Amino acid sequence: MSEKNFEYGGVMVTGAGGFLGGTAMEHLLASGKKVVGTDRNVESVLAKKLHLRQLDITHHGETCKFILDLLPETILHFAGIAMLREVASDEEMGKRINVDAVINLLDAIVNARRSVAGYSPVILVAGTVEQFGDPSTPGEIFTEQSTRNPVNPYGRQKQEMAARFLERCHQEKIRGYVVLQGQVSGVSLSGEISQRTGFLIPDLASQVATIEAGGKDRGDLITGVLDNKRPILDVNDAIRAYLELVQKMPAPGEYIVCAEKSVPLTDVLDILIRNSHAQLIHKIDRSRGAGYSDRFYSPKKIMTATGWKPEVDLETTVKRVLEFQRRYWKKQNGQIKNL
63 MSEKNFEYGG VMVTGAGGFL GGTAMEHLLA SGKKVVGTDR NVESVLAKKL HLRQLDITHH
123 GETCKFILDL LPETILHFAG IAMLREVASD EEMGKRINVD AVINLLDAIV NARRSVAGYS
183 PVILVAGTVE QFGDPSTPGE IFTEQSTRNP VNPYGRQKQE MAARFLERCH QEKIRGYVVL
243 QGQVSGVSLS GEISQRTGFL IPDLASQVAT IEAGGKDRGD LITGVLDNKR PILDVNDAIR
303 AYLELVQKMP APGEYIVCAE KSVPLTDVLD ILIRNSHAQL IHKIDRSRGA GYSDRFYSPK
363 KIMTATGWKP EVDLETTVKR VLEFQRRYWK KQNGQIKNL
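For the sequence shown, the working numbering assigns the number 63 to the initial residue and increments by one for each residue that follows.
Take a look at the structure:
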């Protein structure tokens, strides 16, 4: 296993205005790396703070020109649609962003090689454990070798992307990594970037923050059925894993990145209730779903290959999201100017 120097050409981060991409930018900048972040929207406060450059990676020609001009040594690709219902509502758009854009990046690398002999970047793209689908037997632990049977459009698109990406990387001798990402939450290093609502932890934390801000002593915390288990990883641990991969460069391929253990989702609820200023009454809205099977995944491959290990415990992750949502509520209601 060789180790990569980030200096020549620097690091390019796509989707740098989002949760994963923005957090990756903060980690790279904090460590003094040469980094360029891109996003379609460069007018947001975050985009301006991180000095993001505008790039629509679904545009083939634009992407090829950008890569040729920049010649990044490392590409971290986080641009995509991760919300399951958004992909399901417009699968054509989802495919364009989650699949075709990745192929555009590989085309851009091949195109740049025609002009710059020896150009050989390493590229990491974000997949998902949704590519595995449901376990065939209760308690099954998925590994990188497990059968793929995605059960939703998002998982199917990411599986198509991963298969095409790895095949093309092999053909073109590009060092490529697919991260099979488990459930991730938390807040970035600066405390200014967090996962948007629409995902479990920020959804619940937002409810708590709203109840507290209302000045009432108690309130209803409404959820669907939370009787299943998931591995929940802090976003900063996830980013450290990705950076370990592209820096230490073990064998190319797929790597599961997730928490070491799956926990009941009710643990998230319990943490929020313990840390709220109000008395929370948990109510279940069964119209939100009847729960799903437990999911277990093994991050052993990346831990062995790089020495990476999760460091942030679930309680810390959830408490950080709750505090972020409290600040966000105040900002939205004009009580503070910035997060």
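Glycine included, each C-beta is placed from N, C-alpha and C at the ideal position. Note that the coordinates shown come from a computational prediction; the quantities given were computed from them, not determined experimentally.
Rounded separation between residue i and residue j - CA only
i    : j    : result
G79  : V330 : 27 Å
F68  : Q394 : Legend: pLDDT at F68 = 44, less than 50; position of this residue unreliable, no value from coordinates given.
D282 : K345 : 6 Å
A163 : S208 : 26 Å
L90  : G217 : 29 Å
V172 : I119 : 15 Å
E202 : R210 : 13 Å
W370 : K278 : 44 Å
G94  : G72  : 11 Å
C231 : F128 : 20 Å
A275 : R357 : 35 Å
L305 : E206 : 19 Å
T368 : I273 : 43 Å
V149 : A188 : 16 Å
V213 : D101 : 29 Å
K323 : T378 : 16 Å
A468 : F386 : Coverage of the chain is limited to positions 63 through 401, which leaves residue 468 absent and any answer about it impossible.
I284 : K392 : 21 Å
V308 : E154 : 31 Å
G156 : F261 : 18 Å
D332 : P264 : 14 Å
R115 : E105 : 10 Å
T366 : P200 : 26 Å
F204 : K310 : 24 Å
Inter-residue CB distance, residue i and residue j (contact presumed, cutoff 8 Å)
i    : j    : result
D196 : C126 : Their Cβ separation, rounded to whole angstroms, is 39 Å, which puts D196 and C126 out of contact at 8 Å.
S247 : V325 : Contact doesn't hold; Cβ gap of about 12 Å is too wide.
R280 : I343 : 6 Å
Residue of the options minimising C-alpha distance to residue i
i    : options                : result
A141 : N103, A303, R176       : N103
A271 : R382, V172, P212, Y354 : R382
M74  : H121, L138, G94        : L138
E192 : G253, G99, Q243, G123  : Q243
I318 : I364, P372, I119, Q341 : I364
G315 : S256, E88, I236        : I236
Y239 : S338, Q257, T190       : T190
P361 : V241, L82, L262, I273  : V241
V107 : T76, L334, E254, L266  : E254
V161 : Q219, A188, T205       : Q219
D375 : E154, K96, A321        : A321
T328 : P200, L266, F194       : L266
R348 : L334, L288, D332       : L288
A340 : R388, E234, K157, A300 : R388
E135 : K96, G156, T100        : K96
Q257 : P212, I159, Y390, H122 : Y390
G123 : A300, I263, I165       : I165
R158 : L307, H121, E105       : H121
Q221 : F194, L334, R176       : F194
E234 : R176, I263, F204       : R176
F81  : A300, L334, D152       : A300
Beta-carbon proximity of residue i to residue j, cut-off 8 Å
i    : j    : result
I185 : L167 : yes
Y359 : P312 : no
R336 : G286 : no
L130 : A92  : no
S268 : T259 : yes
L295 : P215 : no
N290 : S198 : no
M87  : L117 : no
G83  : T76  : yes
L132 : V98  : yes
Counting pairs of beta carbons, one from the stretch 211–229 and one from the stretch 170–182, are three or more of them closer than 8 Å?
These segments do not touch.
Are the stretch 244–262 and the stretch 370–387 touching, with three or more C-beta to C-beta distances below 8 Å?
Under the Cβ criterion (8 Å, minimum of three pairs), the stretch 244–262 counts as touching the stretch 370–387.
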